[in-house]
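Worksheet: one structure, shown below.
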Amino acid sequence: MLIKIPSIANIGLESVPVDVEVDVASLGFPGFTIVGLASKAVEEARERVKTAIVNSKLDFPPRKITVNLAPADLPKDGAAYDLPMALGVLLASGQLQLPKGFDLTKSFFYGELSLDGSLRPTKGILLLGLFAQKCAVNSTIFVPQISAPEASVVAGVKVIPIETLSRLVEYLLGQRQIEPLKAPLRRESFEEQVAEFDLAEIAGQEQAKRALIIAAAGGHNLLMWGPPGTGKTMLSRALPGILPPLSYNEALEVTRIYSVAGLLSPGQALVSSRPFRAPHHGISAAGMIGGGSNPLPGEVSLAHLGVLFLDEMPEFQRSLIESLRQPMEDGVVEIVRVAGHVKYPASFTLVAAINPCPCGYLGHPKRECKCSDRQIAKYRTRISGPILDRVDLFVNVSVVETEKLSITTGSPEQRTSSKDAKKQVINARQVQKRRFSKERRVIYTNSQMRNSDVKKYCQLTPEGENLLKLAADRFDFSARSYFRLIKVSRTIADLSASEQILPVHMAEALQYKQII
40 MLIKIPSIAN IGLESVPVDV EVDVASLGFP GFTIVGLASK AVEEARERVK TAIVNSKLDF
100 PPRKITVNLA PADLPKDGAA YDLPMALGVL LASGQLQLPK GFDLTKSFFY GELSLDGSLR
160 PTKGILLLGL FAQKCAVNST IFVPQISAPE ASVVAGVKVI PIETLSRLVE YLLGQRQIEP
220 LKAPLRRESF EEQVAEFDLA EIAGQEQAKR ALIIAAAGGH NLLMWGPPGT GKTMLSRALP
280 GILPPLSYNE ALEVTRIYSV AGLLSPGQAL VSSRPFRAPH HGISAAGMIG GGSNPLPGEV
340 SLAHLGVLFL DEMPEFQRSL IESLRQPMED GVVEIVRVAG HVKYPASFTL VAAINPCPCG
400 YLGHPKRECK CSDRQIAKYR TRISGPILDR VDLFVNVSVV ETEKLSITTG SPEQRTSSKD
460 AKKQVINARQ VQKRRFSKER RVIYTNSQMR NSDVKKYCQL TPEGENLLKL AADRFDFSAR
520 SYFRLIKVSR TIADLSASEQ ILPVHMAEAL QYKQII
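Next comes the structure, spelled out in structure tokens:
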């Protein structure tokens with residue numbers, strides 16, 4: 040008897056239908072064969088499915104069993120086909136019959152089985168829910184109970200949480216009721232993110248704090264340079280505390296990436312805070328950009344709509360830093376393999392911290408630099424011009440005076456707090472949301488504007504335009520730098536609640552141009 044169980048295969052963030060065809064033959068030697076370009080993890084399902092059926096007090100038929108994962112030319116990976124395979128064996132062997140009126144064409148089964156018959160957390164459940172929503176009206180998905188909450192956020196899809204294989208059988212036989220998982224209350228935004236540091240804890244560095252606010256408000260890339268111990272890392276770690284909360288649509292975008300990467304916590308429905316990724320400088324290119332035989336997202340995609348922090352940026356491999364060019368410009372990563380290619384979103388804010396020289400003390404008022412000119416030149420060439428050209432804000436984080444570090448003067452109450460800075464950022468983001476609301480293309484921040492958008496939304500006064508032209512001629516800005524400068528000035532104007540970009544906004548933006 041032949042049975043077809045609908046399931047899916049995830050290729051990047053795209054899902055394609057897969058029919059798990061199970062045939063239990065009455066003739067032939069007993070065996071269990073899986074075909075259809077299955078990976079090693081899928082082939083091992085033979086033992087998981089057989090043992091799970093037996094341990095669920097069901098009979099595993101001693102017959103010739105053939106499983107075909109169609110289409111046969113599409114690579115299949117992962118253990119998510121365990122559940123549809125087990126169900127197909129039970130149906131094809133006659134042990135189980137679907138209830139009257141059960142529409143198998145509108146039902147999808149997806150999940151990894153343990154040897155005891157229970158279902159384990161399985162990545163990609165949210166993508167299954169989104170696929171079922173597009174595929175058919177009133178679709179039903181049967182998924183592991185522990186991973187079901189992430190699919191429940193998809194409207195119009197009935198999510199049946201399955202704890203064990205035996206309970207699924209009892210449900211289909213009408214012996215047990217399983218309530219569909221209710222969708223969580225939809226919120227327009229989520230709770231505030233707790234940062235490691237508050238801006239009020241950081242002594243001095245007012246210009247750097249202002250640059251952080253501008254970067255958070257407009258999604259602009261930021262580079263801080265200065266001697267060790269001046270607060271570059273601390274400032275970067277304080278950035279999550281001033282970022283605006285994720286909207287529902289933004290949270291759904293981020294959750295899709297974390298779902299396919301298998302990084303959601305058990306029972307987690309949505310990623311509720313903006314990502315802040317800080318990889319070590321020993322990371323590989325695949326870890327940063329993404330890759331593998333079945334390409335998974337890298338750090339640039341995991342930082343989507345959040346922050347990618349590179350501490351001691353020159354310590355990263357030069358080739359790895361250069362690989363950031365395309366995602367920094369386009370906001371997406373395309374990973375090409377012989378079997379095909381996948382695309383992941385990577386619209387992140389880059390925050391980098393560097394020292395002025397290998398020893399770190401070049402230009403220090405009290406400590407002497409011991410590096411030669413050759414060492415300094417070699418150190419700085421680790422970051423190329425094209426990468427620096429994609430950075431919007433440059434800040435010199437200088438040594439803080441001892442008087443400002445005193446515990447009796449310059450108390451945190453007198454400094455800018457993250458709470459106050461966050462209010463400014465949220466107000467500026469609201470201005471941008473209204474500005475881009477009528478655009479067909481989704482634009483969240485000023486940094487995502489294209490050149491055509493800049494001409495449309497960035498109106499300069501004649502004085503401001505003259506200042507820009509003078510600076511461009513004086514410092515020989517590239518076309519990219521020219522437009523990025525206008526975007527930064529647009530963000531500064533938004534923070535000032537100004538519709539026009541005034542000369543004072545352009546002048547401040549020029550202060551943050553390249554200084555290294």
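Quick note on the working numbering: the sequence shown kicks off at 40 and runs consecutively.
Cβ atoms here follow ideal geometry from the backbone N, Cα and C, with glycine treated the same way.
What you are looking at is a predicted structure, and each value in this text was computed from that prediction instead of being measured.
(message) Cutting at 6 angstroms between CB atoms, please list the residues of its own chain near P45, excluding the five before and the five after it.
(response) F147
(request) Assign K248 to buried or exposed, taking buried as 16 or more other Cβ atoms, counted over all protein chains shown, within 10 Å of its Cβ. (result) buried
(request) Below 8 angstroms on the Cβ atoms is my guess for L137 versus L129; work out the distance and round it to an integer in Å. (result) Not confirmed; about 10 angstroms, so no contact.
(request) In the DSSP assignment, find the unbroken beta strand (DSSP E) run with K382 in it and report its ends. (result) 379-384
(request) Along the beta strand (DSSP E) that carries E60, what are the first and last residues, could you check? (result) That run of the beta strand (DSSP E) goes 53-64.
(message) Tell me the residue span of the beta strand (DSSP E) that contains T388.
(response) Boundaries of the beta strand (DSSP E) harbouring T388: 388-393, taken from the DSSP string.
(request) Would you mind stating whether I104 and D62 have Cβ atoms separated by less than 9 angstroms? (result) yes
(message) Check this for me: beta carbons of H343 and P314, under 9 angstroms apart or not?
(response) yes
(message) Tell me the DSSP secondary structure of I465 in three-state form.
(response) helix
(message) DSSP three-state label for V481, please.
(response) coil
(request) Along the alpha helix (DSSP H) that carries K43, what are the first and last residues, could you check? (result) First-last for K43: 41-50, but that is the beta strand (DSSP E), not the alpha helix (DSSP H).
(message) Quick check: what's the CA-CA separation for S54 versus A391?
(response) For S54 and A391, the gap between their C-alpha atoms comes out near 35 angstroms.
(request) Check whether the Cβ atoms of S176 and K145 sit closer than 9 angstroms, and answer yes or no. (result) Here the sequence assigns Val to residue 176, which means Ser is not the residue at that position. Yes, the Cβ-Cβ distance between V176 and K145 is below 9 angstroms.
(message) Please state whether the Cβ-Cβ distance between F433 and Q553 is less than 9 angstroms.
(response) yes
(request) Give the DSSP-derived three-state secondary structure of R473 in the structure shown. (result) helix
(message) Taking the straight line between their C-alpha atoms, what separation do you get for Y400 and Q414?
(response) 13 angstroms
(message) Here's the rule I'm using: 16 or more other beta-carbon atoms within 10 Å means buried, otherwise exposed. How should T420 be labelled?
(response) So T420 ends up on the exposed side.
(request) Counting only the same chain and skipping the five closest in sequence on each side, list residues whose C-beta sits under 8 angstroms from that of V470. (result) D533, A536
(request) Measure the CB-CB distance between L506 and I525 and report whether it falls below 9 angstroms. (result) no
(request) Output the residue ranges of the alpha helix (DSSP H) runs that lie fully inside the stretch 274-302 and measure 4 residues or longer, sorted by chain position. (result) As far as the stretch 274-302 is concerned, its whole alpha helix (DSSP H) runs of at least 4 residues are 287-300.
(request) Counting only the same chain and skipping the five closest in sequence on each side, list residues whose C-beta sits under 7 angstroms from that of R357. (result) R421
(request) Give the single residue among L335, I322, G326 whose Cα lies nearest to the Cα of R295. (result) Selected option, being the one with the closest Cα: L335.
(request) Assign T144 to one of three DSSP states: helix, strand, or coil. (result) helix
(request) Have a look at I426 and M367 and give me their C-alpha separation to the nearest angstrom. (result) 9 angstroms
(request) Would you mind stating whether G257 and N466 have Cβ atoms separated by less than 9 angstroms? (result) no
(message) Spatial neighbours of R276 within its chain, please: C-beta separation below 6 angstroms, excluding the five flanking residues on both sides.
(response) E235, F236
(request) Starting from the Cα of K162, find the closest Cα among L169, E151, F170, Q172 and give me that residue. (result) E151
(message) Rounded to whole angstroms, what is the Cα-Cα separation between L341 and I50?
(response) 17 angstroms
(request) Confirm, please, whether the CB-CB distance from K139 to S78 is below 9 angstroms. (result) no
(message) Using the three-state DSSP reduction, which class does R489 fall into: helix, strand or coil?
(response) coil
(request) Can you grab the Cα-Cα spacing for the pair E202 / P183, in whole Å? (result) 6 angstroms
(request) State the Cα-Cα distance for the pair D428 and A250, rounded to the nearest angstrom. (result) Each residue's Cα considered, the two are about 17 angstroms apart.
(request) Please report how far the alpha carbon of P283 lies from the alpha carbon of E245, in whole angstroms. (result) 21 angstroms
(request) Measure how close the beta-carbons of A510 and L549 come, nearest whole angstrom, since I'm counting them as under 8 angstroms. (result) Taking C-beta atoms under 8 angstroms as the contact rule, A510 and L549 qualify, at a distance of about 5 angstroms.
(request) Would you grab the beta carbon distance between V381 and L363 for me? Rounded to a whole angstrom, and I think it's under 8 angstroms. (result) That belief does not hold up - the Cβ atoms of V381 and L363 are roughly 18 angstroms apart, past 8 angstroms.
(request) Please list the segments of the alpha helix (DSSP H) lying wholly inside the stretch 220-274, counting only runs of 4 or more residues, in order along the chain. (result) Listed in chain order, they are 245-257.
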